[in-house]
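Colleague:
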Amino acid sequence: MAVMETVEKIISTGINIHGATKLEDDLTCLRASLPNSRLVINRGEWGRFKNKDLAFLLTQLKDITYDTEDLLRKFDDQVLRQKIEDTDRSRAGQFFSSSLYRAKILICGSKTRIKDAQDKLDKAVDDLERALKPLGLKMEKVPHMPETSSVIGVTRVFGRDKERDLVIEKLGVCSMIGCDNEQDQMIESPHVPLTRIGGAARAKGKRAAVGTVATSASRAKQLKGESIRARPRLAQAKFISNVSVLPIVSIGGVGKTTLAQFIYNDPRVEAHFSKRIWVCVSDLFNKTRITKEIIESITRKEYKSSNSLDALQCLMMWPNANDEWETFFAPLRYGFEGSMILVTTRSPDVANLVASNNCNPFRIEGLDRDIFWEFFKKCAFGKQCPESYPQLHDIGRSIASRLCGSPLAAKTVGRLLNTELTVQHWKTVQNKELWELPHRDNDILPALQLSYLHLPQELKSCFAFCSMFPKGYSFERDEIVGMWVAQGFVAPEGSMRLEDTGIRYLDDLRGRFLLQTDTNCLDQSRYVMHDLIHDMAQSISVDKCFLMQDLSYQNQRRMPHAVRHMSVEVDSESLSQTRDIQYLNKLHSLKFGNIFMFEITWFNQLSNILFLSLKGCMLVRLPDSIGELHSLRYLNISRSHVQELPEKFWCLYCLQVLDASSSSLEVISPDVTKLINLRRLALPMGCSPKLSEISGLGNISLLRNLIHFTVGTGNGRKVGELKGMNQLSGMLTISSIYNVKSKEEAAEARLIDKQYLQALVLQWRDQPVPRVMNDDNGVAEELRFTSLGVEVLTIFVGSTGGGRMLQQASSSIRRSNTISCLTSICLDNCDMLRNLDQFLSPEHLPSIKSIEIRLCRSLQSIPVGSFAEFYHLQDLKISWCDNLVCEQAMVLPSSLRRLYINKCGGLDKSFPACLQNLTHLIALNLEYCNMESIPIGRNLQLKYLFLFGCSELSSMEGLHALSSMKYVYISQCTKLQQVEQPFKSDMLTMEEKEEHHKFFEFV
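Read left to right, the sequence shown gives residues 1 to 1003 (the UniProt record's numbering).
1) Check GLU666 in the structure and name its three-state DSSP category.
2) Mapping the DSSP letters down to three states, classify ARG276 as helix, strand or coil.
3) Quick test of your reading: LYS544 and LYS62, contact by CB under 8 Å. State the CB separation rounded to the nearest angstrom.
4) If contacts are defined as beta-carbon pairs under 8 Å, then TRP426 and GLY405 qualify, I think. What distance do you get, rounded to the angstrom?
5) How about the region 716-731 and the region 741-750: do they share at least three Cβ pairs that are nearer than 8 Å?
6) Give me, in chain order, the residues of the same chain whose beta-carbon lies closer than 8 Å to that of LEU416; leave out the 5 immediate sequence neighbours on both sides.
7) Out of ARG81, LYS74 and SER742, state which residue places its alpha-carbon closest to the alpha-carbon of ARG113.
8) Since LEU259 and GLU163 are thought to touch, with beta carbons under 8 Å apart, how far apart are those beta carbons, to the nearest angstrom?
9) Would you list the residues sitting across from MET965 in a DSSP beta bridge?
10) Tell me the residue span of the alpha helix (DSSP H) that contains GLY396.
11) What residue range does the alpha helix (DSSP H) around THR412 cover?
12) Rounding to the nearest angstrom, what Cα-Cα distance links SER663 and SER971 in this structure?
13) May I ask which residues mark the beginning and end of the alpha helix (DSSP H) holding VAL485?
14) Classify ARG38 as helix, strand or coil using the three-state DSSP reduction.
15) Rounded to whole angstroms, what is the Cα-Cα separation between LEU590 and PHE469?
16) Give, in chain order, every unbroken run of the beta strand (DSSP E) that is at least 3 residues long and sits entirely within the region 836-902.
17) For ARG73, which of helix, strand or coil comes out of DSSP?
18) Could you tell me whether the Cβ atoms of ARG514 and THR412 are closer together than 8 Å?
19) The alpha helix (DSSP H) with GLY502 in it runs from where to where?
20) Kindly indicate the opening and closing residues of the alpha helix (DSSP H) around SER539.
21) How would you write the range of the alpha helix (DSSP H) that CYS617 sits in, first residue to last?
22) One question on the structure: do MET529 and PHE546 come within less than 8 Å of each other, judged by their Cβ atoms?
23) What does the alpha-carbon distance come out to for the pair LEU940 and THR919?
24) What does GLN516 pair with, by DSSP beta-bridge criteria?
25) Tell me whether ARG497 is buried or exposed, calling it buried when 16 or more other Cβ atoms sit within 10 Å of its Cβ.
26) Is DSSP giving ASP25 helix, strand or coil here?
27) Can you give me the C-alpha to C-alpha distance between ASP986 and VAL968, rounded to a whole angstrom?
28) Going along the chain, which residues of its own chain have a beta-carbon closer than 6 Å to the beta-carbon of THR794, five neighbours each way excluded?
29) Quick one: what's got a C-beta closer than 6 Å to ASN418's C-beta in the same chain, skipping five residues either side?
30) Secondary structure at ILE64, three-state DSSP: helix, strand or coil?
31) For LYS120, I'd like the list of residues in its chain whose CB is within less than 7 Å of its CB, leaving aside the five on either flank, ordered along the chain.
32) Using a 10 Å radius around the Cβ and a threshold of 16 neighbouring Cβ atoms, would you call CYS617 buried or exposed?
33) Residues in its own chain within less than 8 Å of ILE922 by CB, not counting five upstream and five downstream?
34) Assign GLN384 to one of two classes, buried (16 or more other C-beta atoms within 10 Å of its C-beta) or exposed (fewer than that).
35) Counting C-beta neighbours from all protein chains within 10 Å, is the total for ARG526 16 or more, i.e. buried, or is it exposed?
36) When you compare only the Cα positions, how much space is there between ILE609 and SER701?
Right under this line is the structure:
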């Protein structure tokens, strides 16, 4: 914050100029001390592995540093508060304002606090530096990982073929089908798969997890050609129950879950068991969640009833293992004979307990030394040839020998070595004292801690913060990055947005294998932490992060006073009886992991809270005291029952993220425009449209997501509100553009500055209006949407106008030469549009992949002869353009995958010739097209065919190809006698059906 601005605010409280200057100098000095204290903390983290006595001094300095940051943040937040609240006040009003009163109390009472904070910080720094000096630590600058990792992306499992086949044999599968050589592949990739199992997998941890519940096909669903002799060998053993339990046991990090996945996805196992379920139980057991997962995996439907939750117990983390395992297993004993449960666990005691029906625990060790060395080389050298660095081999073998054959350790340490392929760097890692610390046999924790110590300082904070979440927690990308930004962990880098820097941090941690992509997420936008990595994260953040998974801490020790981040994972009833949560004023983060219903009475104690998650809470209204959390940056009330936010909530001027998605929120206050630091606002579907009706949205200039902006005519509603909102990303819809009166007003939007937008929808009108749009006012040209770097552009004009507008757009394209980023364009309801020959030019749209033209009823000409030059075009949809006149046949590019033509005048004459060379076409939809024949065999790879109302169609070449298609529908093609109509065949999966039907606009 500017020094003069702070001084002015201090003077306004009544302090004289000398006192104000002295106070500002003290604040500046205190701020300047923080970078050095953080540097000493970083050195202390290295030193504590040499000298355990440093732990107390390190914790003390961290605590004092955080307190100092809290104090400075209070000053900054109060200055911001006074500035906002005084904006619309008179001078006299400012003098008597409540914010000024609070500022006086804060400033007048802080003279000694600032001095005390400075003295404490200086002393703590000196104490730790003196203790570190004899250790002779030499700190080197740690670089960030390159954005593109040379290691990530290898996908095969390494050296577990023998173990896989032995376990499959124990499952009784090999005796039926025999081993498939195609599966005898070695995993060369240092990628630890987290579980992606047929859409039903939810592996988020490994400890004492139900790995696979497989129901034998011999009873549930006999395979075609299967003989009785092919039944599992286990059926010949002495059965205690119908269901056998086979445990896989080993130390952490050697690949139990990877092996279980390898087995689960083996074609022999898939063929043998008709039902397969993957369930994971981490350190935190949630009986309801696990039980629902089992039921939903079987039924593929959401399970809402709670009637049978007690009847169907599930695996839990058990202090009294005998009782709880027996309770879980009891209802499963009488399942189909030959069914199996495959369990992975680190604990030999658990393995011996759960094993049944002569299934002795299957123990796996670390990888064989030679195999492990080959794997380690791939991790350490990446894309480089190991033979090019012979001087590193002996050092590498020495390091590899300390990793207990653990693939996880190989990946984390190997990635660390990969950052610098020099003898000096590798010897530095080899000679770290961390290796010499006492630890259990086969313990890879030192190797993982070494990876943490080599993180840049800002990444250490981000990584440690993740330990407040329970094992197996799946972080959504924007969610975790938003939390880091809210905590101040993300350092500004030039003009780069903080969130973009945070995503680079995330990629960096993923590149070091400290976080991994959650493979349950199809778009790879979620991340998880391996259990052992989580253990390591907790070990280094024990004085900072606290995960409350039960209330036993009350009987053993109180919550550490220095804790800044806490996750509460106990049930609502237990928590409501707890009255002893201390040091709330220290907390920066508080997350509730379970649904709670009790009234919160201690919000006002969270004086330094930055992140608060009340996700799923049952409260209908939050207490007024939430308005006192002046430091709050991130509030999550998603999936909650909250219907309305208190009036004082809109005075949380420092708020950066409000996540109310899928909540019951009904009202969004006009005062939302006071939240000038808001960066992300996620609203439920019913509430989101109301945001666009609020005046003055331009005040929230840092907002990154605004789905809809409706142009109005009054103050605060004009298109100029978008002028400063240059952080907008994702998709933006601007509607009612007809309210823009002139090109000068249109220019105020400054769309050209919205460099982060990916998709833009321009709607001139949502519905017909009495007056005709002024088509000559230059609005389209001044919006300059053709100069944007968007990938997706949709233009909806409405029932009138459009011709002049797209002529202006074509002129803009010609002047800018090309729209190289545009991959998808949709022209919708441009009723007066007549010609697209210039607009749809391959020269101007070189990257286009999708073109859609619909309800342009006056359209007469499109450049059908040039379509073949759209070399990347995959989807083409033209519908309800009745007046199209095509003087030449349409020629389509061979890249086309989906084609939809519906009632498009003269375009009919292009068929069937335009289909001849479409070797990649998989989906064809023709409605009300008057061609006489179409080829569906030959070179076409059609999987989806829809023909409707093609009255002149009389023949189909390659009719035999219908049998190989996944979806066929033919109806009301009156002259077609080759098939009986309506003809329908549907073999699409649910995912395929949703994809195709969405594209073809079926309901």
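Glycine included, C-beta positions come from ideal geometry on N, C-alpha and C. Quick caveat, the model's predicted, so the values are computed rather than measured.
Modeller: Concretely, from the data shown:
1) By one-based count along the sequence shown, residue 666 stands at place 666. Coil at GLU666, not helix or strand.
2) Walking along the sequence shown from the start, residue 276 turns up at place 276. The answer is strand: DSSP assigns ARG276 an E or B state.
3) Within the sequence shown, numbered from 1, the residue matching residue 544 stands at position 544. Within the sequence shown, numbered from 1, the residue matching residue 62 stands at position 62. At roughly 7 Å, the Cβ-Cβ gap stays under 8 Å, so LYS544 and LYS62 are in contact.
4) As a working note, residue 426 is residue 426 in the sequence shown. As a working note, residue 405 is residue 405 in the sequence shown. The Cβ separation is near 20 Å, so there is no contact.
5) yes
6) Stepping through the sequence shown from its first residue, residue 416 is reached at position 416. Excluding sequence neighbours, LEU416 sits near VAL429, LEU450, SER451, HIS454 and ARG512.
7) Here residue 113 corresponds to residue number 113 of the sequence shown, with the count starting at 1. Per the Cα distances, LYS74.
8) As a position in the sequence shown, residue 259 is number 259, starting the count at 1. As a position in the sequence shown, residue 163 is number 163, starting the count at 1. Going by Cβ atoms, the distance from LEU259 to GLU163 rounds to 6 Å, so yes, they are a contact pair.
9) What you label residue 965 is simply residue 965 of the sequence shown in a count that begins at 1. Under DSSP, MET965 takes part in no beta bridge, so it has no partner.
10) Residue numbering aside, residue 396 sits at position 396 when the sequence shown is read from its first letter. Counting along the chain, the alpha helix (DSSP H) containing GLY396 begins and ends at 393-400.
11) For this step, residue 412 is matched to residue 412 along the sequence shown. THR412 -> alpha helix (DSSP H) spans 407-418.
12) Counting from one through the sequence shown, the residue named residue 663 turns up at place 663. Counting from one through the sequence shown, the residue named residue 971 turns up at place 971. One C-alpha to the other measures close to 43 Å.
13) Taking the first residue of the sequence shown as position 1, residue 485 is located at position 485. Looking at the DSSP string, the run of the alpha helix (DSSP H) that includes VAL485 is 477-487.
14) Here residue 38 corresponds to residue number 38 of the sequence shown, with the count starting at 1. In the structure shown, the three-state DSSP call for ARG38 is helix.
15) Position 590 of the sequence shown holds residue 590. Position 469 of the sequence shown holds residue 469. Their backbone Cα atoms lie some 10 Å apart in a straight line.
16) 850-854, 875-879 and 898-902
17) If you number the sequence shown from 1, residue 73 lands on position 73. Note: ARG73 maps to helix in three-state DSSP.
18) On the sequence shown, residue 514 is found 514 positions in, with the first residue counted as 1. On the sequence shown, residue 412 is found 412 positions in, with the first residue counted as 1. Correcting the residue type first, residue 514 is Leu in the shown sequence and not Arg. Closer than 8 Å, so yes.
19) Your numbering for residue 502 matches position 502 in the sequence shown. GLY502 -> alpha helix (DSSP H) spans 498-511.
20) Within the sequence shown, the letter at position 539 stands for residue 539. Looking at the DSSP string, the run of the alpha helix (DSSP H) that includes SER539 is 531-540.
21) Within the sequence shown, the letter at position 617 stands for residue 617. Under the DSSP assignment, CYS617 falls outside any alpha helix (DSSP H); it carries neither an H nor an E label.
22) Counted from its first residue, the sequence shown places residue 529 at position 529. Counted from its first residue, the sequence shown places residue 546 at position 546. No, Cβ-Cβ distance for MET529 and PHE546 is not below 8 Å.
23) Residue mapping note: residue 940 aligns to position 940 of the sequence shown, counting from 1. Residue mapping note: residue 919 aligns to position 919 of the sequence shown, counting from 1. Cα to Cα, LEU940 sits roughly 5 Å from THR919.
24) Sequence index remark: in the sequence shown, residue 516 carries index 516 (1-based). Per DSSP, VAL528.
25) Here residue 497 refers to the residue found at position 497 when the sequence shown is read from its first residue. Buried is the call here.
26) On the sequence shown, residue 25 is found 25 positions in, with the first residue counted as 1. Looking at ASP25 - three-state DSSP - the assignment turns out to be helix.
27) The residue labelled residue 986 in the question sits at position 986 within the sequence shown. The residue labelled residue 968 in the question sits at position 968 within the sequence shown. Distance between the alpha carbons of ASP986 and VAL968 is about 7 Å.
28) The sequence position of residue 794 within the sequence shown is 794, counting from 1. Around THR794: VAL761 and CYS826.
29) Indexing the sequence shown from 1 puts residue 418 at position 418. Excluding positions up to five away in sequence, the list reads ALA380 and GLY382.
30) The count along the sequence shown starts at 1 and reaches residue 64 at position 64. Three-state result, ILE64: helix.
31) Taking the sequence shown and counting its residues from 1, the one referred to as residue 120 is at position 120. Excluding positions up to five away in sequence, the list reads ILE64.
32) Your numbering for residue 617 matches position 617 in the sequence shown. Counting Cβ neighbours within 10 Å, CYS617 comes out buried, since at least 16 surround it.
33) The sequence position of residue 922 within the sequence shown is 922, counting from 1. Within the same chain, ILE922 has close Cβ partners ARG897, ARG898, GLN941, LEU942, LYS943 and TYR944.
34) Start at 1 with the first residue of the sequence shown, and residue 384 comes out as number 384. Exposed, by the Cβ-count rule.
35) In the sequence shown, counting from the first residue as 1, residue 526 sits at position 526. Flag for ARG526 reads buried.
36) Within the sequence shown, numbered from 1, the residue matching residue 609 stands at position 609. Within the sequence shown, numbered from 1, the residue matching residue 701 stands at position 701. The straight-line gap separating the alpha-carbon atoms of ILE609 and SER701 is approximately 24 Å.
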